[in-house]
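Working notes, structure below.
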Amino acid sequence: MKFEAIELLSNNIIETEQFYNNILDIKTNSKNENEVSFLIGTTKVSFQKSAIENPNYHLAFDIPNNKLEEAFKWLEQRTTILPVTDDSQFSSFEAWNAKSFYFYDNNGNLLELICRFDADNQSDAAFDSSSILFVSEIGIVTSDVLTTATGLISQYGLEYYAKQPKTENFAVIGDETGLLILVTPDRNWFPTAKKAQAFEARVQLSTADRAQQELHIKNQLDK
Numbered sequence: 001m002k003f004e005a006i007e008l009l010s011n012n013i014i015e016t017e018q019f020y021n022n023i024l025d026i027k028t029n030s031k032n033e034n035e036v037s038f039l040i041g042t043t044k045v046s047f048q049k050s051a052i053e054n055p056n057y058h059l060a061f062d063i064p065n066n067k068l069e070e071a072f073k074w075l076e077q078r079t080t081i082l083p084v085t086d087d088s089q090f091s092s093f094e095a096w097n098a099k100s101f102y103f104y105d106n107n108g109n110l111l112e113l114i115c116r117f118d119a120d121n122q123s124d125a126a127f128d129s130s131s132i133l134f135v136s137e138i139g140i141v142t143s144d145v146l147t148t149a150t151g152l153i154s155q156y157g158l159e160y161y162a163k164q165p166k167t168e169n170f171a172v173i174g175d176e177t178g179l180l181i182l183v184t185p186d187r188n189w190f191p192t193a194k195k196a197q198a199f200e201a202r203v204q205l206s207t208a209d210r211a212q213q214e215l216h217i218k219n220q221l222d223k
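Heads up: the sequence shown begins at 1 in the UniProt record's numbering, then just goes up one per residue.
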């Protein structure tokens, strides 16, 4: 699965543009008074102006799997990297064969740079913003994870992620290049103490056997 485009909400379009331009060194793709968008790797990420108080999301971005420490050093000079444990800022997902680190953008979105070691995406280039490959994860907050998951799988022709067993409050749909992370609102967004919240979003996704489809993540606690 591939995320072609993602549309999120933001209280402050101007500050959002400044963060992605200045901190992540990602150029503005397009903008007007109500929207700003960026091409982050191969995924178009747009922020729509909203009056909703503090809308925030979780997104992960894939980077070459030989660039984790280099990416960390590049980003820690630009913004604060969040702690994962008392003595480390790196997360390790053994079942997924992946490692990552986390930070916030100006909106309070929990962002993640992740290396998936089963992917064939090594790079010899020095790490910079152009090394970010694509959005590979987006969080979906729902009061009924398994019912929502069943609906998404049926509607969009998807499958549960083979490396992650599903539970009543956590499930992952998709594959190595695109994952929908379904959680209940009683869970914290790892590795923080911040509770997951549901906010409206739109996702344009494609799969190997289906053309581009739109997933509308609603503002309520449902799919």
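All residues carry an ideal CB built from backbone N, CA and C; glycine is no exception.
Here the structure is a predicted model, which is why all the values come from computation and not from measurement.
Cβ distance (whole Å) where residue i is taken to contact residue j below 8 Å
{"i": "lysine 2", "j": "leucine 205", "result": "7 Å"}
{"i": "leucine 75", "j": "glutamate 137", "result": "Incorrect: roughly 17 Å between the Cβ atoms, too far for contact."}
{"i": "serine 139", "j": "isoleucine 181", "result": "Residue identity differs from the one stated: residue 139 is glycine in this sequence, not serine. Confirmed, about 5 Å."}
{"i": "phenylalanine 38", "j": "aspartate 105", "result": "Going by Cβ atoms, the distance from phenylalanine 38 to aspartate 105 rounds to 11 Å, so no, they are not a contact pair."}
Opening and closing residue of the alpha helix (DSSP H) in which residue i lies
{"i": "lysine 31", "result": "Segment 28-32 is the beta strand (DSSP E) holding lysine 31; no alpha helix (DSSP H) there."}
{"i": "lysine 154", "result": "Looking at the sequence itself, residue 154 is serine, so the reference to lysine does not match. Taken as a continuous stretch (DSSP letters only), the alpha helix (DSSP H) holding serine 154 covers 145-156."}
Residue i and residue j closer than 8 Å at C-beta
{"i": "valine 45", "j": "isoleucine 13", "result": "no"}
{"i": "tryptophan 102", "j": "leucine 82", "result": "It is worth fixing the name first, because residue 102 is tyrosine in this sequence and not tryptophan. Yes, these two residues count as a Cβ contact at 8 Å."}
{"i": "leucine 111", "j": "phenylalanine 47", "result": "no"}
{"i": "alanine 95", "j": "lysine 163", "result": "yes"}
{"i": "valine 141", "j": "glutamine 197", "result": "yes"}
{"i": "lysine 194", "j": "serine 123", "result": "no"}
{"i": "phenylalanine 134", "j": "threonine 43", "result": "yes"}
{"i": "lysine 99", "j": "serine 92", "result": "yes"}
{"i": "serine 129", "j": "aspartate 209", "result": "no"}
{"i": "serine 143", "j": "proline 191", "result": "no"}
{"i": "asparagine 109", "j": "asparagine 11", "result": "no"}
{"i": "isoleucine 132", "j": "isoleucine 23", "result": "no"}
{"i": "glutamate 176", "j": "arginine 116", "result": "yes"}
{"i": "threonine 28", "j": "asparagine 21", "result": "yes"}
{"i": "alanine 171", "j": "tyrosine 160", "result": "yes"}
{"i": "valine 203", "j": "isoleucine 6", "result": "yes"}
{"i": "alanine 71", "j": "leucine 113", "result": "yes"}
{"i": "alanine 125", "j": "asparagine 65", "result": "no"}
Residue span of the beta strand (DSSP E) that contains residue i, given as start and end
{"i": "lysine 73", "result": "Run containing lysine 73: none in the beta strand (DSSP E); it sits in the alpha helix (DSSP H), 68-76."}
{"i": "glutamate 200", "result": "Looking at the DSSP string, glutamate 200 is not in any beta strand (DSSP E), and its letter there is neither H nor E."}
{"i": "isoleucine 181", "result": "178-183"}
{"i": "glutamine 18", "result": "Here glutamine 18 belongs to no beta strand (DSSP E); instead the alpha helix (DSSP H) covers 13-18."}
{"i": "glutamate 137", "result": "134-141"}
{"i": "lysine 44", "result": "43-49"}
{"i": "phenylalanine 38", "result": "35-40"}
{"i": "leucine 8", "result": "2-10"}
{"i": "aspartate 62", "result": "58-62"}
Bridge partner(s) assigned by DSSP for residue i
{"i": "threonine 207", "result": "Arg210"}
{"i": "tyrosine 98", "result": "Checking the displayed sequence, the identity of residue 98 turns out to be alanine instead of tyrosine. Per DSSP, Phe93, Arg116."}
{"i": "glutamine 122", "result": "Per DSSP, none; premise fails for glutamine 122."}
{"i": "asparagine 188", "result": "Lys195"}
{"i": "tyrosine 160", "result": "Ile173"}
{"i": "leucine 110", "result": "His58, Tyr104"}
{"i": "threonine 167", "result": "Phe170"}
{"i": "isoleucine 217", "result": "Ala201"}
{"i": "serine 88", "result": "Thr85"}
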